[in-house]
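Residue numbers for the sequence shown follow the working numbering, so the first one is -1 and each next one is one higher. Here the structure is laid out as structure tokens; the discussion comes afterwards.
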Amino acid sequence: MALLEIRDITSGYGEVQILWGTSIALEDGKLTSLVGANGAGKTTTMRTVMGQIKPWAGSVWFDGQDISSLSAHAKAEMGVVLVPEGRQLFTDMSVEENLEMGASPKRARSHIPKNLELVYEMFPRLKERRAQKAGTMSGGEQQMLAVARGIMANPIVLMIDELSLGLAPVLVLDLFQSLKLLKDQGLTMMLVEQNVQMALAVSDYAFVLAHGKVELEGPSRELAKNEHVRSAYLGL
Ligand code: ATP
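Okay, here's the thing in structure tokens:
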């Protein structure tokens, strides 16, 4: 059963249509990836799910409820959380203050000690640097912090936009590995990625977006063997 579902969404910016009937379903407890070329509409899909862009048509469902018209704030209160592209950290605040800001939804507050322990276990580097200003850390550390801040919101569904962007390959591998720990905790996740190879390697199921439409979907392991995916996205 789908925990979060995007049904036949069309949307765009001003007069420019970007999504042309996109439908995506996230299964409970699974790691799903949304992959595709630059400009395919992945970030636009995320923004539409969160309500930063209003869908022109179609709907977004969470746990059997139509949440299409709710604000991003209301969605976060329900447990639908986005780690945005570009991190959007509070650069003048410390690591720990950023993490505390992440726990702003009411449903997250009583879970602060447990979630802080979890993120420090996942990212020991953040624990070491908990008093350091976020803006003075490396790109990789800031990306860890952005994911950790999302976890502090105590999500039921965590969506991560471009986890690997601009990071060294070895760091990308570490970050992707850490997602497995979250999966073991039963978290439902959606990974939006340009790094198709890595996304298919860690996820259970994947959607391939092209020109604002789902071009292909299936178990990630099968898509990784698909001829079209291999030649168009994996350079094989
Ligand atoms: P990328 O990996 O480059 O972010 P993407 O698949 O996430 O790609 P989107 O960011 O959703 O793609 O962009 C889809 C299209 O929408 C692109 O043509 C982009 O130029 C356009 N677009 C994105 N944001 C805006 C905006 N704020 N105003 C107008 N057009 C936009």
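Every residue gets a Cβ at the ideal spot worked out from N, C-alpha and C, and that includes glycine. Bear in mind the structure is a predicted one, so any value in this text is a computation, not a measurement.
Under a Cβ-count criterion, where at least 16 other Cβ atoms within 10 Å of its own Cβ denotes burial, should residue i be classed as buried or exposed?
i	result
residue 179	exposed
residue 36	exposed
residue 141	buried
residue 115	exposed
residue 186	buried
residue 14	exposed
residue 73	buried
residue 67	exposed
Would you mind stating whether residue i and residue j have Cβ atoms separated by less than 8 Å?
i	j	result
residue 133	residue 166	no
residue 103	residue 159	no
residue 157	residue -1	no
residue 39	residue 24	no
residue 230	residue 218	no
residue 93	residue 153	no
residue 52	residue 89	no
residue 177	residue 206	no
residue 190	residue 21	no
residue 75	residue 105	yes
residue 184	residue 19	no
Can you grab the Cα-Cα spacing for the pair residue i / residue j, in whole Å?
i	j	result
residue 60	residue 1	6 Å
residue 125	residue 118	5 Å
residue 241	residue 63	With the chain represented from -1 up to 234, any question about residue 241 goes unanswered, as that position is not in the structure.
residue 174	residue 11	31 Å
residue 69	residue 34	27 Å
residue 208	residue 129	42 Å
residue 86	residue 98	15 Å
Under 8 Å, Cβ to Cβ, is there at least one residue of chain C near residue i?
i	result
residue 15	Included in the structure is just one protein chain, with no chain C present.
Length-filtered (3 minimum) beta strand (DSSP E) runs lying within the region 48 to 107
55 to 60, 78 to 81
Hey, which unbroken runs of the alpha helix (DSSP H) at 4 residues or more fall wholly within the region 164 to 210?
167 to 182, 194 to 200
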